[in-house]
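Contents: one structure, followed by commentary.
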Amino acid sequence: MDRVTVSSLKEMKEAGQKIAMITAYDYPSALFAEEAGAEVLLVGDSLGMVVLGYDSTVPVTMEEMLHHVKAVVRGSKRSMVVADMPFMSYQASYTDALYNAGRFLKEGGAQAVKLEGGGEIAELVAKLVTAGIPVMGHIGLTPQSVNALGGYKVQGKDLKTAQKLLDDAKALADAGAFAIVLECVPAALAAKITESIPIPTIGIGSGVNCDGQVLVYHDVLGMYPRMLPKFVKRYADLSSLIKEAIRQYVQEVKEQQFPEEKHSFTMALEILERIY
Numbered sequence: 001m002d003r004v005t006v007s008s009l010k011e012m013k014e015a016g017q018k019i020a021m022i023t024a025y026d027y028p029s030a031l032f033a034e035e036a037g038a039e040v041l042l043v044g045d046s047l048g049m050v051v052l053g054y055d056s057t058v059p060v061t062m063e064e065m066l067h068h069v070k071a072v073v074r075g076s077k078r079s080m081v082v083a084d085m086p087f088m089s090y091q092a093s094y095t096d097a098l099y100n101a102g103r104f105l106k107e108g109g110a111q112a113v114k115l116e117g118g119g120e121i122a123e124l125v126a127k128l129v130t131a132g133i134p135v136m137g138h139i140g141l142t143p144q145s146v147n148a149l150g151g152y153k154v155q156g157k158d159l160k161t162a163q164k165l166l167d168d169a170k171a172l173a174d175a176g177a178f179a180i181v182l183e184c185v186p187a188a189l190a191a192k193i194t195e196s197i198p199i200p201t202i203g204i205g206s207g208v209n210c211d212g213q214v215l216v217y218h219d220v221l222g223m224y225p226r227m228l229p230k231f232v233k234r235y236a237d238l239s240s241l242i243k244e245a246i247r248q249y250v251q252e253v254k255e256q257q258f259p260e261e262k263h264s265f266t267m268a269l270e271i272l273e274r275i276y
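Given below as structure tokens:
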């Protein structure tokens, strides 16, 4: 089956079909997400927090991202794989950005990259697209800029910032981005942005009227206990199940209840008797 493409997503927007995107960080999460029907797998730099244990996404490196992108690509055949460009992999120069974005496609096997920022990166987006690299934008709450934003806050609640977000979305669309993530944007503003641009919007904490939605894999499954944003809906509580399963394993090991005979292998007794 052919992979989901940039054209596929635009056709879904035009047809009013919602796009399901979820993060994936390794082979099994890619398998599960694709089999469940997600059109897009985002290898998010959020892996820095939910997989690598960092306090934010800022420390994540290109090498760490490439390692996980390759695993997700191996675990998927139909879903589009989008690689997050980590902090300072594209901000310093156009040369750095082109080189690093190209690595995600050439070495990692991803079909697209995602960049945080609005009008200020529109020229860069255009250069990447011209080079044949599909780009997904990301505006609103941009986690890589959390220190500059003063924390994890809803963006676009006043006239000035709301107008900037709309202008940013239009600039990214004009530059050739194929979709834009809207994070923590008021629902009414996200709806207006969605109506105003020809490319899909993917919401996270931005209301139901975006063209699609994205959530973090570990949040959906209840596997990340350190933080639960308001916009997250947990569809399972796997952390409790995992801890209980491991607790039971540890107890059975200590009490010699595991392994049982059925978990062990046999050999001929005459051979055993001949060794010394």
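All residue numbers for the sequence shown refer to the numbering used here, where the first residue is 1 and numbers rise by one.
Here a beta-carbon is modelled for each residue, glycine too, at the ideal position from N, C-alpha and C.
Please classify residue i as buried or exposed, where buried requires at least 16 other C-beta atoms within 10 Å of its C-beta.
i, result
"arginine 103", "buried"
"glutamate 34", "buried"
"leucine 159", "exposed"
"glycine 118", "buried"
"threonine 130", "exposed"
"phenylalanine 265", "exposed"
"phenylalanine 258", "exposed"
"lysine 262", "exposed"
"valine 81", "buried"
"isoleucine 271", "exposed"
Do residue j and residue i count as a contact pair if the criterion is CB distance below 8 Å?
i, j, result
"glycine 48", "serine 56", "yes"
"serine 76", "glutamate 116", "no"
"leucine 66", "leucine 98", "no"
"valine 220", "tyrosine 235", "yes"
"alanine 187", "glycine 207", "yes"
"isoleucine 202", "alanine 179", "yes"
I believe residue i touches residue j by the beta-carbon criterion, under 8 Å. Please report the beta-carbon distance rounded to the nearest angstrom.
i, j, result
"alanine 177", "valine 113", "Wrong, their Cβ atoms sit about 10 Å apart, outside the cutoff."
"leucine 182", "glycine 140", "5 Å"
"alanine 169", "isoleucine 204", "Actually they are not in contact, since the Cβ atoms of alanine 169 and isoleucine 204 sit about 15 Å apart, beyond 8 Å."
"alanine 24", "alanine 30", "4 Å"
"methionine 21", "valine 40", "4 Å"
Is residue i helix, strand or coil when you go by DSSP?
i, result
"glutamine 163", "helix"
"aspartate 84", "strand"
"methionine 267", "coil"
"threonine 194", "helix"
"threonine 130", "helix"
"glycine 203", "strand"
"valine 58", "coil"
"glutamate 255", "coil"
"valine 73", "helix"
"glycine 48", "helix"
Look up residue i in the DSSP assignment and give the residues it is bridged to.
i, result
"alanine 112", "Val82"
"threonine 23", "Leu42"
"methionine 136", "Lys114, Ala179"
"leucine 98", "Answer is none; leucine 98 lacks a bridge partner."
"valine 214", "Met21"
Looking at the ligand ZN, does it come within less than 7 Å of residue i, judged from the CB to the closest heavy atom?
i, result
"alanine 36", "Annotation note on the ligand ZN: not contained in the displayed structure, which lists no ligands."
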